[in-house]
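Worksheet: the structure to be examined is printed underneath.
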Amino acid sequence: MTRHVRSWAIADLAARVVVAVLAVCTCVSPAHAGLTWDWSFGGTEAGTFVTNGTLADAANSFDFTITDFTVTASTVTSLVGRPYTENQPLQGFVWDGSTATQFYRDSGAYTNGSNFNVSDPNLILYGYAFFAPSAAGSLFDSSESAVVSFSALALSPSTPSGVPEIDPATGGSALSLVAGVLAMIEQRRRRAAPVA
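So in the numbering used here, the last spot in the sequence shown is 244, and the numbers never skip.
In structure tokens:
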């Protein structure tokens, strides 16, 4: 009888832990750290943007502000993983739900593209430029000569950056289900407890 009661106590504890975790997840607001985007062009250049917004925003028209920029592949291999700086503050792009229709810089005051330069003084200055509505990217050097000419840009949201987003509706349904299981476990535990 003791072993039976102990197994219910363990199951009860496990269910309570699951309930607590789900409760925390459903109370956490969606990630504000940003959304990661994969970009590539020219068959050699690739990297990521981190922007504001969520995956749900990417399904519609939205103005995404770029907060981070990385290069993961390049014809100039020394550029991969280097820190980059923005030429002007607050760069970003306007998204129509499937493609970038405009890149901008300087808080939108300049609408002819977004630029990112390598900030490592040991390297010759290289930079990336992104333009739309043609949705193209280019890699250029310090003399503004194209290392990789403007080519069609592939841009797509990949994953939220930072805290994962939890859908409160789904989390709430799961919480209700686990609460029901917990109530059933408690009821069985009471029935199985020895009478004093």
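Glycine included, each C-beta is placed from N, C-alpha and C at the ideal position.
C-beta neighbour in chain C for residue i, strict 8 angstroms
i    : result
S167 : The chain inventory of the structure shown lacks chain C, comprising one protein chain alone.
As assigned by DSSP and simplified to three states, the class of residue i
i    : result
A79  : Because the pLDDT at A79 is just 40, under 50, the model does not fix this residue reliably, and the point stays unresolved.
R239 : helix
E234 : helix
T207 : strand
T125 : helix
L187 : strand
W85  : strand
A106 : helix
D144 : coil
G90  : coil
D154 : coil
T120 : strand
A200 : strand
T159 : coil
A180 : coil
E134 : strand
N165 : strand
Residues of its chain near residue i, where Cβ-Cβ distance is below 7 angstroms and the 5 sequence neighbours each way are ignored
i    : result
L201 : W87, F89, F178, A183, A184, G185
Y158 : Q136, Y152
Test item: CB-CB of residue i and residue j under 8 angstroms
i    : j    : result
S109 : W143 : yes
F97  : Y132 : no
Q136 : D154 : yes
L138 : P205 : no
R130 : D168 : yes
F151 : A107 : no
G95  : V119 : yes
Sequence-distant residues of the same chain with beta carbon closer than 8 angstroms to residue i, five excluded per side
i    : result
D215 : Residue placement at D215 cannot be trusted, given a pLDDT of 47 that sits under 50; what the coordinates show is reported in the next sentence. Closer than 8 angstroms at Cβ, skipping near neighbours: no residue.
Y174 : V124, L127, N165, V166, L187, F188, D189, S190, V195
8 angstroms contact criterion, which residue i and residue j should meet: CB distance rounded
i    : j    : result
A246 : L203 : In the structure as shown, the chain starts at 49 and stops at 244, and residue 246 therefore has no counterpart that could be examined.
G82  : T115 : 6 angstroms
When the options are compared against residue i, the one with the closest alpha-carbon
i    : options               : result
E93  : L83, A107, L127, P181 : L127
T99  : V195, T113, R239      : T113
G101 : S193, F141, E134      : F141
D105 : T207, E234, E192      : T207
Cutoff 6 angstroms; reference residue i; Cβ partners in own chain excluding five residues on either side
i    : result
R239 : none
E192 : none
F198 : A184, S186
H80  : Unreliable placement is indicated for H80, whose pLDDT of 45 sits below 50; the coordinate value is still reported in the next sentence. Within the same chain, H80 has no close Cβ partners at all.
Contact test: residue i Cβ vs the ligand GTP heavy atom, cutoff 7 angstroms
i   : result
W87 : This structure lacks the ligand GTP; in fact it carries no ligand of any kind.
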